[in-house]
Amino acid sequence: MRERALISKVLQEEIVLGALKIGPNSQIAIKADIISKIFDSICEVSQHEPVGLRGFVIFFHLKSVTKSEKSDELVKIIYDDYNVSSFEVLETVPWSFLVPQFLRSLIGALNPMVISEDYILSVRKLF
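Numbering (UniProt numbering), first residue to last: 1 to 127.
Put into structure tokens, the structure is as follows:
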């Protein structure tokens, strides 16, 4: 239970801070239950790993709006610096704007991106 709270808090804080990489005035809105769903997915994957949860690195990418653009790396989290990572988790999260396109240019920074629940989780084993 303690790990859930810790990882959930770190994920949420890092995603919000990672938004600053996109632009200095960028804001990200995260639904309350999306972080716990992502954590559950990570726990499910980690059950088959030698050191479980302690052995992962997670990369969050924002899926691009157009297919021609590549995804933006939002954040990289190493869960335990003292353990060798045995797997990487890549979360690609689609996003959308709360405000329609024609109003976006008028309000600029006041337009937060909303993280979608339709994330893609992929795992890469390191050894």
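Note that CB positions come from ideal geometry on N, CA and C, so glycine has one too.
Excluding the 5 residues preceding and the 5 following residue i in the sequence, name in chain order all residues of the same chain whose CB lies nearer than 7 Å to its CB.
{"i": "residue 126", "result": "85, 86, 87 and 88"}
{"i": "residue 41", "result": "121"}
{"i": "residue 34", "result": "115 and 117"}
{"i": "residue 36", "result": "8"}
So the candidates are the options; which of them puts its Cα closest to the Cα of residue i?
{"i": "residue 121", "options": "50, 43 and 82", "result": "43"}
{"i": "residue 93", "options": "81, 77 and 59", "result": "59"}
{"i": "residue 77", "options": "2, 4 and 15", "result": "15"}
{"i": "residue 75", "options": "31, 11 and 2", "result": "11"}
Mark residue i as exposed unless 16 or more other C-beta atoms lie within 10 angstroms of its C-beta, in which case mark it buried.
{"i": "residue 6", "result": "exposed"}
{"i": "residue 82", "result": "exposed"}
{"i": "residue 46", "result": "buried"}
Can you tell me whether residue i is helix, strand or coil according to DSSP?
{"i": "residue 29", "result": "strand"}
{"i": "residue 121", "result": "strand"}
{"i": "residue 84", "result": "coil"}
{"i": "residue 45", "result": "helix"}
{"i": "residue 90", "result": "strand"}
Would you report the Cα separation of residue i and residue j, rounded to the nearest angstrom?
{"i": "residue 90", "j": "residue 80", "result": "17 Å"}
{"i": "residue 50", "j": "residue 13", "result": "28 Å"}
If I measure Cβ to Cβ from residue i and keep anything under 8 Å in the same chain, skipping five residues before and after, which residues do I get?
{"i": "residue 123", "result": "45, 87, 88, 89 and 90"}
Near residue i, which residues of its chain fall below 6 Å by C-beta distance, leaving aside the five closest residues on each side in sequence?
{"i": "residue 73", "result": "61"}
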